[in-house]
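The structure appears below as structure tokens.
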Amino acid sequence: MKIIEARNYKELSKIASEIIIDEILEKPNLVMGFATGETPKKTYKNLIKAYKKKKVDFSKIKTFNLDEFYPIKENDLKSYRKYMLVKLFNKINVDEKNIHLLNGSTKNPEKECLEYEKKINKKPIDLQILGVGENGHIGFNEPGSSRNSKTRLVNLTHRKGKALTIGISTIMKAKKIILLASGKKKAKAIQALIEGKQGNKFPVSFLKEHKNLIVVVDRKAGSLI
Ligand code: GLP
2 MKIIEARNYK ELSKIASEII IDEILEKPNL VMGFATGETP KKTYKNLIKA
52 YKKKKVDFSK IKTFNLDEFY PIKENDLKSY RKYMLVKLFN KINVDEKNIH
102 LLNGSTKNPE KECLEYEKKI NKKPIDLQIL GVGENGHIGF NEPGSSRNSK
152 TRLVNLTHRK GKALTIGIST IMKAKKIILL ASGKKKAKAI QALIEGKQGN
202 KFPVSFLKEH KNLIVVVDRK AGSLI
């Protein structure tokens, strides 16, 4: 595991976007795993800026997103689908047919998850971007999730409702992972990861055994390590 401590959120976002851009320059048809939430927002803004300055071409990349609420309508403003379109995909030249999102309005979530997992197995993720929840969740793999979990329907711990998420084992298959954590409220989860002893109480700690993990924290998120 490589740990990079950024001074602040701005620097964290710069580091993350530079890693992504370098990987795409090296492999134009990179398979990207994208995350949502607050943390990667500025990273995505940086990607859009780089695209506008013609520093990077997204036309051949393939994308898989981590998770989605369930059930949720396609155009619900709270959906992760909408988030990705508004915050990134509509503003870069990614090819629509290369975008993969879990369908939160499906009538058959089991089938949706099985098919999504198969698609990822066919096009393994080269670079997975991850955030982390305060309780150590990654994607929507909440505490209690097994190391062997695959893409599935889950119950959410801290809010009402369910979600579709790729599993811990699905995430672990990514060739490279960048985990981003900003702010004091993430410090415990980062500590659990570095100590790596918490198992499924802090699912993020499973990442410790990954062969190619880069953890980018700002000072506050890294304050307990
Ligand atoms: C959410 C998402 C995760 C995200 C995490 C952290 O619930 N399911 O994919 O990484 O929580 O979010 P934030 O970056 O807003 O702190």
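Okay, so the sequence shown: first residue is 2 according to the numbering used here, each after it adds one. Glycine included, every Cβ here is placed at the ideal spot set by N, Cα and C. This one's a predicted model, so the numbers in the text were calculated from it and none came from an experiment.
Alpha carbon to alpha carbon, what distance is there between residue j and residue i?
i, j, result
"S80", "I169", "22 Å"
"L103", "L67", "8 Å"
"P144", "L208", "14 Å"
"K88", "R82", "10 Å"
"E69", "A164", "6 Å"
"G158", "D58", "First, the amino acid is wrong: residue 158 is Thr here, not Gly. Answer to the nearest angstrom: the Cα atoms are 38 Å apart."
"K27", "K161", "Per the sequence shown, residue 27 should be read as Glu rather than Lys. Their backbone Cα atoms lie some 42 Å apart in a straight line."
"H101", "R220", "33 Å"
"T166", "N47", "26 Å"
"M2", "K174", "15 Å"
"A51", "F90", "14 Å"
"E113", "Y45", "27 Å"
"N122", "D77", "29 Å"
"K108", "R8", "45 Å"
"K56", "D96", "17 Å"
"F203", "E111", "25 Å"
"E75", "K54", "31 Å"
"E135", "S18", "23 Å"
"K1", "L86", "Examination of residue 1 is not possible in this model, given that the chain is present from 2 through 226 alone."
Looking at residue i and the ligand GLP, is the gap between the Cβ and the nearest heavy atom below 8 Å?
i, result
"L78", "no"
"I139", "yes"
"L131", "yes"
"D23", "no"
"P41", "yes"
"K187", "yes"
"D219", "no"
"T64", "no"
"L128", "no"
"G134", "yes"
"G38", "yes"
"L13", "no"
"L103", "no"
"A164", "yes"
Using beta-carbon positions only, say whether residue i and residue j come within less than 9 Å of one another.
i, j, result
"I191", "V133", "yes"
"F172", "G34", "Checking the displayed sequence, the identity of residue 172 turns out to be Ile instead of Phe. Yes, these two residues count as a Cβ contact at 9 Å."
"P41", "S60", "no"
"N30", "K63", "yes"
"K198", "A222", "no"
"L128", "V32", "yes"
"S206", "G105", "no"
"S227", "A193", "The displayed coordinates of the chain run from 2 to 226. Any statement about residue 227 would go beyond what the structure contains."
"I16", "I4", "no"
"K92", "K43", "no"
"N201", "S147", "yes"
"E39", "S150", "no"
"T37", "Y84", "yes"
Report yes if the C-beta of residue i is less than 8 Å from at least one heavy atom of the ligand NAD; otherwise report no.
i, result
"A7", "As far as ligands go, the structure on display features the ligand GLP and does not contain the ligand NAD."
* If we count Cβ pairs, one from each stretch, closer than 8 Å, do we get three or more for the region 211-226 versus the region 167-185? -> Enough Cβ pairs lie closer than 8 Å, so yes.
* Complete alpha helix (DSSP H) runs within the region 98-146 (minimum length 4 residues, chain order) -> DSSP assignment within the region 98-146 yields the following whole alpha helix (DSSP H) runs of 4 residues or more, N-terminal first: 110-123.
* Cβ pair count under 8 Å reaching 3, the region 18-26 against the region 113-125 -> Touching, no, given that fewer than three Cβ pairs across the two stretches are closer than 8 Å.
* Asked: Taking only runs of the beta strand (DSSP E) that begin and end inside the region 162-197, which ones reach a length of at least 3 residues, in chain order?
  -> Every unbroken stretch of the beta strand (DSSP E) spanning 3 or more residues and falling wholly within the region 162-197 is given here in chain order: 163-166, 177-182.
* Completely contained beta strand (DSSP E) runs for the region 67-103, where each covers 3 or more residues -> Listed in chain order, the complete beta strand (DSSP E) runs (minimum 3 residues) inside the region 67-103 are 68-71.
* Length at least 3, wholly inside the region 4-78: the beta strand (DSSP E) runs in chain order -> At a cut-off of 3 residues, the continuous stretches assigned as beta strand (DSSP E) that sit fully inside the region 4-78 are 32-35, 63-66, 68-71.
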